[in-house]
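Participant: Here it is, the structure, as structure tokens.
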């Protein structure tokens, strides 16, 4: 007997949903319906500084207007902080986390100094500079003393140690395609991201950690999301391996371009679902608009 497939749409309530969100939500909803699966909605509100109740309410309103329905209750990350904390403690006990004390400004200054001198600073797939690695070897007592003294820090994944504990061959099954046409069995290269943050003072779990824990807790079998998260899947596969979590099937879809040709942003209200509704668009018009970009929903 085949296992029921589980899909999810997991927006953050830090702005209004746009056409790109509509594509992802409808695609997940349609794929679930096509195979007799389940469609879940998850609210990723783990960052209290950016999450707003009015945006969460708008998410429900916009998705309902699009004709989508989802299972209840909706999982809200802010209600599961202890769950994320336990996983973080497991990783600490494995020796793959360390406290990073450098601020963004300090890292930026180092990067600028090296590049000004003609040197190159390694960067992640999104183009952001990698975090310096010397704190991997910081004396434990010194680190604890700095934490006790109230020094601001983030818990980072020691990529070298973490990679050594994972299988030599780490990959995932891609039913869609990456930015460069990658599909099928894709080799995961989490080391390209450096020592990523898994927890910081204003967010007890980073996106990377929370998403793999939530997907496993909810029994998600198929992760369908935009190509902008394709390379991040490598980090997710590493965390799944470390924590003994199942690996879903992945399907990354193309992105809806904004007026400037770049991916859409919540800050551009003109491309918001609500804006199209106010202009008199109907849900079938949204589907037709997305099809016009060459983006299909099946």
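In our numbering, the protein residues as written are 19 to 316. Using N, Cα and C, we set each Cβ at its ideal position, and we do this for glycine too.
Does the distance from the C-beta atom of residue 251 to that of residue 173 stay below 9 Å?
Facilitator: No, these two residues do not count as a Cβ contact at 9 Å.
Participant: I need the straight-line Cα distance from residue 247 to residue 270, nearest angstrom please.
Facilitator: 8 Å
Participant: Could I get the ranges of all uninterrupted beta strand (DSSP E) runs contained in the segment 97–157, with 3 residues as the minimum, in chain order?
Facilitator: 115–118, all fully within the segment 97–157.
Participant: Check the DSSP bridge columns for residue 229 and list the partner residues they point to.
Facilitator: Partner(s): none; residue 229 has no beta bridge.
Participant: For the segment 195–281, which segments carrying the alpha helix (DSSP H) assignment without a break, of at least 4 residues, lie completely within its bounds, in sequence order?
Facilitator: 225–235 and 251–261
Participant: For residue 89, which beta-bridge partners are listed by DSSP?
Facilitator: Partner(s): none; residue 89 has no beta bridge.
Participant: Sort 29, 233, 106 and 115 by Cα distance to residue 153 and report the nearest one.
Facilitator: 115
Participant: What are the boundary residues of the beta strand (DSSP E) that includes residue 60?
Facilitator: 56–61
Participant: Which residues in the same chain as residue 195 place their Cβ atom closer than 8 Å to its Cβ, once the five residues preceding and following it in sequence are excluded?
Facilitator: 201, 245 and 270
Participant: Just tell me which of 262, 147, 233 and 229 has its CA closest to the CA of residue 124.
Facilitator: 147
Participant: What number of angstroms, rounded off, separates the C-alpha of residue 130 from the C-alpha of residue 64?
Facilitator: 32 Å
Participant: Whether or not the segment 201–221 and the segment 234–243 are in contact is what I'm after, with contact meaning three or more pairs of Cβ atoms, one per stretch, closer than 8 Å; do they touch?
Facilitator: no
Participant: Could you compute how far the alpha carbon of residue 103 sits from the alpha carbon of residue 303?
Facilitator: 43 Å
Participant: Classify residue 109 as buried or exposed, calling it buried when 16 or more other Cβ atoms lie within 10 Å of its own Cβ.
Facilitator: buried
Participant: So is residue 231 in contact with chain B if we call contact Cβ pairs under 9 Å?
Facilitator: Given the protein chain composition of this structure (a single chain), no chain B is represented.
Participant: If residue 256 sits next to residue 180, beta carbons under 8 Å apart, how far is it from one beta carbon to the other, in whole angstroms?
Facilitator: 6 Å
Participant: Just to confirm, is the Cβ distance from residue 222 to residue 99 under 9 Å?
Facilitator: yes
Participant: Tell me the DSSP secondary structure of residue 65 in three-state form.
Facilitator: Three-state DSSP puts residue 65 in coil, outside helix and strand.
Participant: Under three-state DSSP, which class holds residue 76?
Facilitator: helix
Participant: By the three-class DSSP mapping on this structure, what secondary structure does residue 290 have?
Facilitator: strand
Participant: What is the rounded straight-line gap between the Cα of residue 13 and the Cα of residue 279?
Facilitator: The structure shown does not extend to residue 13, since the chain is modelled only from 19 through 316, so no value can be given for it.
Participant: Is the distance from the Cβ of residue 44 to the Cβ of residue 307 below 9 Å?
Facilitator: no
Participant: Near residue 72, which residues of its chain fall below 7 Å by C-beta distance, leaving aside the five closest residues on each side in sequence?
Facilitator: none
Participant: Can you give me the Cβ contacts of residue 105 inside the same chain, cut-off strictly under 7 Å, excluding the 5 residues immediately before and after it?
Facilitator: 227, 231 and 261
Participant: List the endpoints of the continuous beta strand (DSSP E) containing residue 305.
Facilitator: Taken as a continuous stretch (DSSP letters only), residue 305 belongs to no beta strand (DSSP E), being part of the alpha helix (DSSP H) at 301–310.
Participant: With DSSP run on the structure shown, which of helix, strand or coil describes residue 181?
Facilitator: helix
Participant: Judging by CA-CA distance, which residue of 46, 40 and 34 is the nearest neighbour of residue 11?
Facilitator: In this structure the chain extends from 19 to 316, so residue 11 is not present and cannot be described.
Participant: Would you kindly check if the distance between the Cβ of residue 272 and the Cβ of residue 176 is under 9 Å?
Facilitator: At a Cβ-Cβ threshold of 9 Å, residue 176 and residue 272 do not count as neighbours.
Participant: Since residue 284 and residue 36 are thought to touch, with beta carbons under 8 Å apart, how far apart are those beta carbons, to the nearest angstrom?
Facilitator: 6 Å
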